[in-house]
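Asks:
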Amino acid sequence: MPYDNFVTRHIGPRENDVTEMLEAVGVSSMDELIEQTVPANIRLKEPLKLQEGLTERKYYRKVLSLAAKNKVFNTYIGMGYYDTITPAVVLRNVLENPVWYTSYTPYQAEISQGRLEALLNYQTMVCELTGMEIANASLLDESTAAAEAMIMMMNLRSRKMVKNGVNAVLVDEKMWPQTHDVLKTRAYPLGIELRIQSKENFEFADDVFGVLVQYPNSDGEIIDYSELVKQAHEKDIKVAVAADLLSLAILVPPGEWGADIVFGNSQRFGVPMGYGGPHAAFFTAKETFKRSMPGRIIGVTKDIHGNRALRMALQTREQHIKREKATSNICTAQALLATMAGFFGVYHGPEGVRNIADRVHNIAAFLTEEIEKLGYKQLNRNYFDTIRFALPRHVKHEDIEWLSLELEMNFRYFENGEVGISIDETTNREDITWILEVFAKAANKRWQVIHEYPKGYSVDKKYARTSEYLTQEVFNKYRSETEMVRYIKRLEHKDISLTHSMISLGSCTMKLNAATEMLPLSWIEFNGIHPFVPKNQARGYHEMMEELRRDLSEITGMSDVSLMPNSGAAGEYAGLMVIQAYHESRGEGKRNVVLIPSSAHGTNPASAVMAGMKVIVVACDEQGNIDLENLRRKADEHKEFLSSFMVTYPSTHGVFESSIVEMCEIIHKNGGQVYMDGANMNAQVGLTNPKSIGADVCHLNLHKTFAIPHGGGGPGVGPIAVAGHLVEFLPSHPIMNNGHVGINAVAGAPWGSASVLTITYGYIKMMGAKGLTEATQIAILNANYIAKALEANYGILYTGENGRIAHEMILECRHFKASSGITEEDIAKRLMDYGFHAPTLSFPVHGTLMIEPTESESKEELDRFIDALNSIFNEIKEIENGTADKTDNVLKNAPHTSERVCANEWEHEYSREKAAFPLDWIRENKFWVPVGRVNNAWGDRHLICTCGSPEEYELMTQD
């Protein structure tokens, strides 16, 4: 195959390697391996009907032509999305840097210290600006963050409130319309009554548990909510505030007038609009509510040597532990975008952020004066960046619109004919002149060119912030680009990513994120577009998205796809809501039971509860397969109320279950629908599909199977594909026609995280039908190759009927504890000394490791990984036979830092060389772990979730 073919670059093993690996596995051909792995009754009879794969050069030209069809206007629509300037040092060294975008969620803290510090900076910045006590490390977007705030307030109800059926929340009508829509989606299945009305009409009745308001509101008006908060608290009602983060540099923060929760979008802090995403939502609360907060929280702790370390705190709140009792279903957040926003704050510091906010407000104030001189009336008395004009009688908003489009500008047009302008960081002197030109021409009046930036304006003292913020050293140290890039690189060197070695996380599919796929992310033609501009300004986007929907429909066998869900868990939720809408359309709204296997991802039961479902667990047999008779019995028992069956295929245990078609038939016979979790689609593409097994809806983790990077914990994208009878229920949008007319929105943006869809689009176009199928085959081969090499020493927990696994396997580690005292966690930490990220730990079976190599890894890398695990096995045998001490050994003390290995004193019986260089090839590319094994319990007992606090210093200096 020619080497300008993208497939040969994406797939790791060479042709001669494949021959050797097939021989090692014990088959004569790839076809034989697939026949032994994938049940014949679900295999596709024909190849995928996709175009032939493009070379990288041809794809580059194609995506350039798409970019040229997008028009990048100066956009002043606002509504939660604003143009911003990404500092070049952040763009080049973070967004475009695979160390940052290919790393995984920091579940293994010791090799994630760099991104953990970046996220701690982000949390600190958010707390400082909002005036709140604790923040998480980001949520999906502002609208879903509002929904999480609503649900959190519901969960915080007193026992008396719960007993009395208190279920209403007051929502200000002056919040973003997309937020209203998402709130409707999320409130309905939970029985929450939304009262969307003017805040002047709020009644703190006995059935109200929460209030949601926006600051400044959707018209741009600054409102003092302090009295509202006081009145609400007198009735034990919580208050959540959607805040503009940049405005808080000059406005009194909600924390200072007693808000319980403050959330919003950090997009203005250097993250491009990207036609709607991805962007990091921020979420803060009073510390007393810390165990009810959704999402991940980064906290400070100590390592085994007493040194400062970071890790994810209070993980017992999360869905992967609490399952159907979790407070949210959030799995993927927006870590990469939060990291960028945090670096924006570090680079600009308090004075820089304040200067940006001041300049934005000064331009808005100046435009107010100048446009009012032209005969218009500005309706906002107090504002930050948004001004709203009533037009003179002789001026129509169509005149404003036509003239603004002529000058390549977009304004916001209200239903009553008024016009809004939201100023952002990028607005310059020329822009001010052009804006004035539009309003002057429409009014048939003269205007003058602006030669200086306006100064001297300030918000009313009543609303002006007087408190300090961002006083920590990290926000006051890195002003030159030289120092900033060095700081970013110091953090970078503390993380393991795909640039270092294979990340073999089962169910997470850490594959190549090809550079050619990533290039368009930095192009202004894709990242500079507001999601609410006229569609003819985003023709390239829509051509790309239509092709992508068709391709994903072909790959899944389904009829249509919604691109809106912006994470895998959001896709699960959206799929269940679509199913419920279908049942309700048939007069069967009472169907509320979801059957979920005991082996399922924790997000499955959590999403079901978020969708108002009752979860019934289906047992698995000793071979790890879903117990068919147990499923049959429970489907029959609940047939009157059966809504759906959530199944992961291949199974979470890494096996193609041959009875899957029969399972789906059982569900359909009892009136239910089949939801297939698409986490393991990397073993299906081109060989089988959700339609073949009998599924009605599935979600696709584009950040797994379809090459979007994990970004240290996000972005994730989770489109849903549906069969024909469910198409009419796909999520709609209140502002833009996204092609669907079904349920209310499940995300703020019409097409979700649109900018990263270019990555999956490129992946599919360059791989083509043949390449996608080959990728699936090699993923299965790589997994079986590792399984064959490790089964003698460890044992593979589950295999299919022919002794094969799918694309991942569960490595048996439980027996080591009795013989040597070694646990699966010890193995995971020791792998760090070998330069590898650990496989998935204790999921789906406690005491095991789940491994998924993906098709991108070469035979050489697979062999190194196998050597490392077999070497660790030998180290365990040394403990078992008494050669090594049971407590003082390389596994119990792992990982080993350079500081300990190079110390003057060495207190261990084993050598420094054994600790640091257990195999010769490690010397070539040694990754030195920055901290020793972290103490999670200490960190949860002493919760510190911001950087540089006096409390942290005091605690860290205690013995």
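Just so you know, full-length UniProt numbering puts the end of the sequence shown at 959, numbered straight through with nothing missing. Note that CB positions come from ideal geometry on N, CA and C, so glycine has one too.
For residue 250, does the three-state DSSP call read helix, strand or coil?
Replies: Three-state result, residue 250: coil.
Asks: On a CA-only basis, which of 154, 170 and 791 is nearest residue 163? Give me that one, please.
Replies: It is 154.
Asks: Buried or exposed, going by whether 16 or more other CB atoms sit within 10 Å of the CB of residue 481?
Replies: Label assigned to residue 481: exposed.
Asks: Can you tell me which of the three DSSP states residue 121 falls into?
Replies: Helix, per DSSP.
Asks: Specify the secondary structure class of residue 42 as computed by DSSP and reduced to three states.
Replies: Three-state result, residue 42: helix.
Asks: Taking a contact to mean a Cβ-Cβ separation below 8 Å, would you say residue 219 touches residue 199 in this structure?
Replies: No.
Asks: Taking the beta carbon of residue 556 as the centre, do at least 16 other beta carbons fall within 10 Å, making it buried, or is it exposed?
Replies: So residue 556 counts as buried.
Asks: Helix, strand or coil: which one does DSSP assign to residue 142?
Replies: Helix, per DSSP.
Asks: Considering Cα atoms alone, identify which of 459, 237 and 498 is closest to residue 258.
Replies: With distances taken between Cα atoms, residue 258 lies closest to 237.
Asks: In the DSSP assignment, find the alpha helix (DSSP H) that holds residue 487 and state where it starts and stops.
Replies: Residues 481–492.
Asks: How should residue 974 be labelled, buried or exposed, when 16 other C-beta atoms within 10 angstroms of its C-beta is the threshold for buried?
Replies: Missing from the structure shown is residue 974; the chain here goes from 1 to 959 and no further.
Asks: Residues bridged to residue 646 by DSSP?
Replies: Paired residues: 675.
Asks: Looking at the strands, I want to know which residues DSSP matches up with residue 410.
Replies: DSSP, once it has assigned bridges, lists 75 as partnering residue 410.
Asks: For residue 740, which residues of its own chain have a beta-carbon under 7 Å away from its beta-carbon, when the five flanking residues on both sides are left out?
Replies: Contacts found: 562, 730, 731 and 732.
Asks: Any idea which residues DSSP pairs residue 388 with across the strands?
Replies: The partner list for residue 388 (beta bridge, DSSP) reads 420.
Asks: Along the chain, where does the alpha helix (DSSP H) containing residue 664 start, and where does it finish?
Replies: Residues 660–669.
Asks: What is the DSSP secondary structure of residue 230, counted as helix, strand or coil?
Replies: If DSSP states are grouped into helix, strand and coil, residue 230 belongs with the helices.
Asks: Relative to the ligand COA, is the shortest distance from any of its heavy atoms to the C-beta of residue 411 smaller than 7 Å?
Replies: The ligand COA is absent from the structure shown, which contains no ligand whatsoever.
Asks: Exposed or buried, what is residue 208 when buried is set at 16 or more other beta-carbons lying within 10 Å of its beta-carbon?
Replies: Flag for residue 208 reads buried.
Asks: Is the beta carbon of residue 850 closer than 8 Å to that of residue 843?
Replies: Result yes, Cβ atoms of residue 843 and residue 850 sit closer than 8 Å.
Asks: Take the Cβ of residue 813 as the centre, count every other Cβ of all protein chains shown within 10 Å, and call the residue buried at 16 or more, exposed below.
Replies: Buried, by the Cβ-count rule.
Asks: Give me the residue from 142, 822, 118 and 197 with the minimum Cα distance to residue 182.
Replies: Residue 182 has its Cα closest to that of 142, out of 142, 822, 118 and 197.
Asks: From the DSSP output, which residues share a beta bridge with residue 210?
Replies: Partner(s): 169 and 238.
Asks: Give me the Cβ distance between residue 901 and residue 916, rounded to the nearest whole Å; I'm assuming they're in contact under 8 Å.
Replies: Right, the Cβ-Cβ distance comes to about 5 Å (below 8 Å), so this counts as a contact.
Asks: Sort 643, 619 and 546 by Cα distance to residue 584 and report the nearest one.
Replies: Ranking the options by Cα distance to residue 584, first place goes to 643.
Asks: Where residue 543 and residue 770 are concerned, what is the direct C-alpha to C-alpha distance, given to the nearest angstrom?
Replies: Cα-Cα distance, rounded: 23 Å.
Asks: Going along the chain, which residues of its own chain have a beta-carbon closer than 8 Å to the beta-carbon of residue 665, five neighbours each way excluded?
Replies: Excluding positions up to five away in sequence, the list reads 694.
Asks: Could you check where the alpha helix (DSSP H) with residue 577 kicks off and where it finishes?
Replies: Run containing residue 577: 568–585, per the alpha helix (DSSP H) assignment.
Asks: What are the partner residues of residue 720, as DSSP defines its beta bridges?
Replies: 562 and 699.
Asks: Determine the direct distance from the alpha carbon of residue 859 to that of residue 511, and round the result to whole angstroms.
Replies: C-alpha separation (whole angstroms): 14 Å.
Asks: Once you ignore the five residues that flank residue 80 on each side, which residues in its own chain have a CB closer than 6 Å to its CB?
Replies: 142, 176 and 265.
Asks: Alpha carbon to alpha carbon, what distance is there between residue 425 and residue 431?
Replies: Those two C-alpha atoms are separated by around 12 Å.
Asks: So is residue 654 buried or exposed if we call it buried at 16+ other beta carbons inside 10 Å?
Replies: Label assigned to residue 654: buried.
Asks: What does residue 285 pair with, by DSSP beta-bridge criteria?
Replies: DSSP lists 134 and 261 as partners of residue 285.
Asks: For residue 195, which residues does DSSP report across the bridge?
Replies: BP columns for residue 195 point to 170.
Asks: Considering only C-alpha positions, which residue in the set 760, 781 and 795 is nearest to residue 517?
Replies: Ranking 760, 781 and 795 by Cα distance to residue 517 puts 760 first.
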